[in-house]
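Peer 1: Take this structure first; my questions come after.
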Amino acid sequence: MASALFAIETAILDAYCREEGIPLSALFGGEPTPVETDLTIPILPAEKAAERAVSATERGYKHLKVKTGTDVTADVERVSAVAEAAPNVALKVDANQGWTPKETAQFAEELASRGVDLELIEQPVPATDIAGLAQARDRVDLPIAADEAVFTPADAIQVVREGAADVINAKLGKSGPLAVGDIAAIAEGADLELMIGCMLESAVGIHTSAHVVAGIGSFDYIDLDGNRLLESDIVDADGPIHDISGPGHGVTPSE
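Mapping of the sequence shown onto my numbering: position 72 corresponds to residue 78, and the numbering continues sequentially without gaps.
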């Protein structure tokens, strides 16, 4: 349902903007400035994850997100290996609901003891466990991001009321472009940081999200790498910079 809403809203907004000759970002109050994304390192053995990190830095990425949430010990080794292989890169981790509050604290403490710095930990506990998310936040000295816990503006309000997160990760694939604007306003009003994420999407979805980022202008973390993880896409592009010039979402398929 959420993906269908995303597709329908994107098609309508893109058609309107192309007819008017304006970038989609203008609907959200901004200019279509280039947007820089991180790149995700999947759950791999530590050595393979480190190789991915080196490859990413060679392609210009300055921010990486490492998938975790399986075995805490293996997670620590994977993130430590990435940090060693790419020492000048900003790291965040995504536990994908895989830990308990206790395991979240164990992970954070072990990385801190190794001198590994993180920007944030994303959705460490199950999405429905808002109390557990708040407990995880209380137990670690790192920003906690709510992802799967927030699909709607009402979800964002609940996270704010429960003091469950420092960051809200909004995704057009979860909520659609218009609701993301509302979620962003709620986060800003509560003095929470904002992250934008994605699913595995083509350049159409990613560029639409990038226009929302450029338009709203208050996102602190950018995770729009979905099309960079595909074997092929409708446009030929690589690297951390999304060029979103042109009317609408700006995507013209490669021939």
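Ideal Cβ placement from N, Cα and C applies to all residues, glycine included.
1. Can you tell me where the beta strand (DSSP E) holding A152 begins and where it ends?
2. Hey, quick one: how far does the alpha helix (DSSP H) through G221 stretch, first residue to last?
3. Just grab the DSSP bridge partners of H248 for me.
4. For E109, which option in G27, A62, P132 has the closest C-alpha, if you only look at C-alpha atoms?
5. Indicate the three-state DSSP secondary structure (helix, strand or coil) for D100 in the structure shown.
6. Could you give the residue range of the alpha helix (DSSP H) that holds E25?
7. Can you name, in chain order, every residue of its own chain whose Cβ lies under 8 Å from the Cβ of S9, other than the five neighbours on each side?
8. Closest by CA to A92, which one among V78, R65, A111, T76?
9. Evaluate L45 with the Cβ neighbour count: other Cβ atoms within 10 Å of its Cβ, from every protein chain shown; 16 or more gives buried, anything less gives exposed.
10. Among A190, I136, L198, which one has its Cα closest to the Cα of A170?
11. Using the C-alpha atoms, what's the distance from S181 back to F12?
12. Using C-beta distances below 8 Å, list every residue in its chain close to V41, excluding the 5 sequence neighbours before and after it, in chain order.
13. Measure how close the beta-carbons of P107 and Q141 come, nearest whole angstrom, since I'm counting them as under 8 Å.
14. Leaving aside the five residues before and after T158 along the sequence, list all residues of the same chain whose C-beta is less than 7 Å from its C-beta, in chain order.
15. Taking the alpha carbon of A176 as the reference point, which residue from R58, D123, A162, S238 has its own alpha carbon closest?
16. Could you tell me how far apart the beta carbons of V99 and V72 are, in whole angstroms, since I believe they sit closer than 8 Å?
17. Please go through the same chain and pick out, in chain order, the residues whose beta-carbon is closer than 8 Å to the beta-carbon of G27, but skip the five residues on each side of it.
18. Just the C-alpha distance for E90 and D77, rounded to the nearest angstrom, thanks.
19. With a threshold of 7 Å on Cβ separation, who are the neighbours of G223 within its own chain once the five nearest residues in sequence on each side are excluded?
20. Just curious, the beta strand (DSSP E) that A176 is in, first and last residue?
Peer 2: With the given structure in hand:
1. Reading the sequence shown from its first residue, position 146 is the one you call residue 152. It spans 150-152 - the beta strand (DSSP E) in which A152 sits, taken as one unbroken run.
2. Position 215 of the sequence shown holds residue 221. Segment 209-222, the alpha helix (DSSP H) holding G221.
3. Mapped onto the sequence shown, residue 248 falls at position 242. DSSP lists V41 as partners of H248.
4. By one-based count along the sequence shown, residue 109 stands at place 103. Per the Cα distances, P132.
5. Here residue 100 is taken as the residue at index 94 of the sequence shown, counted from 1. In the three-state scheme derived from DSSP, where H, G and I count as helix and E and B as strand, D100 is classed as strand.
6. Along the sequence shown, read from residue 1 onward, the residue named residue 25 stands at position 19. E25 -> alpha helix (DSSP H) spans 8-26.
7. In the sequence shown, counting from the first residue as 1, residue 9 sits at position 3. Cβ neighbours of S9 beyond the five flanking positions: G179, M205.
8. The residue given as residue 92 occupies position 86 in the sequence shown. Shortest Cα-Cα distance from A92 to any of V78, R65, A111, T76 involves R65.
9. Taking the sequence shown and counting its residues from 1, the one referred to as residue 45 is at position 39. Buried, by the Cβ-count rule.
10. Within the sequence shown, residue 170 is the residue found at index 164, counting from 1. Selected option, being the one with the closest Cα: I136.
11. The residue given as residue 12 occupies position 6 in the sequence shown. The residue given as residue 181 occupies position 175 in the sequence shown. F12 and S181: Cα-Cα distance of roughly 7 Å.
12. Here the question's residue 41 lines up with position 35 in the sequence shown. For V41, where only same-chain residues beyond five positions count, the Cβ hits under 8 Å are A216, V219, A220, I228, L230, I247, H248, I250.
13. By one-based count along the sequence shown, residue 107 stands at place 101. By one-based count along the sequence shown, residue 141 stands at place 135. Sure, about 4 Å apart at Cβ, within 8 Å.
14. By 1-based counting over the sequence shown, the position of residue 158 is 152. Only S181, A185 meet the Cβ criterion.
15. For the purposes of this step, residue 176 is identified with residue 170 of the sequence shown, where counting begins at 1. Considering only alpha carbons, the answer is A162.
16. Taking the sequence shown and counting its residues from 1, one reaches residue 99 at position 93. Taking the sequence shown and counting its residues from 1, one reaches residue 72 at position 66. With 8 Å as the limit, V99 and V72 qualify as a contact, their Cβ atoms being about 5 Å apart.
17. Walking along the sequence shown from the start, residue 27 turns up at place 21. Take G27, set aside five residues on each side of it, and the residues of its chain with a beta-carbon closer than 8 Å to its own are P253, in chain order.
18. Counting from one through the sequence shown, the residue named residue 90 turns up at place 84. Counting from one through the sequence shown, the residue named residue 77 turns up at place 71. One C-alpha to the other measures close to 20 Å.
19. The residue given as residue 223 occupies position 217 in the sequence shown. Here the set comprises G36.
20. Your numbering for residue 176 matches position 170 in the sequence shown. Element bounds for A176: 173-177.
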